[in-house]
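A short write-up of the structure that comes next.
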Amino acid sequence: MESLSEAVDGPGPNDLLRRVAAAADLCLKPHRHAVVISSEPGEEECTLRLQCRRADGERAELNDIELEIYRSGEDLHLMLSWPEQTDHPMLWQGNHPVWMDGDSGQRCERPVAGAALEALARRLRALLSPAQP
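Under my numbering, think of the first position of the sequence shown as 2, with each following residue one higher.
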């Protein structure tokens, strides 16, 4: 990926959004997901909203996920959170997962639903990282 904004705003952004949704569908079964861009075009960081639906098609806003993608040097970092459940910790995914309390920023234990979110973060990081020769 050339840059985050090119990947999301450039040619073929719908393909990237579909691939992110497919990764969420795989890791967060039985829910289905649609992905919408929350950030402004051209920003250094990219924020996506993964909108959750139950298997019957009913929206499940409590299970929506906010995905922030940013670079630090050459490294890609992800921040995943449940925006409608502010009492839940957020996941920072760089080379390894770190769960943090959203209010204090302090490390905390992985929540019960955390394993699936960690799997999604690993899959997304692999999807978004440039291919290594």
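No residue lacks a Cβ here, since even glycine has one placed at the ideal position from N, Cα and C.
Where the alpha helix (DSSP H) containing residue i begins and where it ends
i, result
"R50", "Careful: R50 lies outside any alpha helix (DSSP H), inside the beta strand (DSSP E) at 47-54."
Residue i, enclosing beta strand (DSSP E) - first and last residue
i, result
"A117", "Looking at the DSSP string, A117 is not in any beta strand (DSSP E); the run it does join, the alpha helix (DSSP H), is 115-129."
"Q107", "Q107 -> no beta strand (DSSP E), and no H or E assigned at all."
"Q94", "91-94"
"L79", "76-82"
"L29", "Premise fails: L29 is in no beta strand (DSSP E) and is neither H nor E."
DSSP bridge partner residues for residue i (one or two, in chain order)
i, result
"S39", "S39 is not bridged to any residue."
"H34", "C53"
"P112", "For P112, which the question treats as bridged, DSSP gives no partner whatsoever."
"E69", "T48, M80"
"V99", "W93"
"R60", "R54"
Residue i versus the options, residue with shortest Cα-Cα distance
i, options, result
"R55", "K30, L68, S40", "K30"
"L81", "R126, S73, G58, A61", "R126"
"D16", "D26, V36, C53", "V36"
"A122", "T48, S73, H78", "H78"
"N96", "R124, P112, R60", "R124"
"D104", "P90, A117, V113", "P90"
"L68", "E110, W100, P84", "P84"
"P98", "I38, A116, R72", "A116"
"D88", "Q94, S73, L63", "L63"
"R72", "A61, Q52, D57, W93", "W93"
"E59", "A114, E75, S39, H32", "H32"
Integer-rounded CB distance, given that residue j should sit under 8 Å from residue i
i, j, result
"L128", "R50", "17 Å between Cβ atoms; not a contact."
"I66", "C47", "Actually they do not touch by this definition, with Cβ atoms about 14 Å apart."
"R111", "M101", "That belief does not hold up - the Cβ atoms of R111 and M101 are roughly 11 Å apart, past 8 Å."
Residue i CB to nearest heavy atom of the ligand ATP below 8 Å
i, result
"W100", "Here there are no bound small molecules, and the ligand ATP is not part of this structure."
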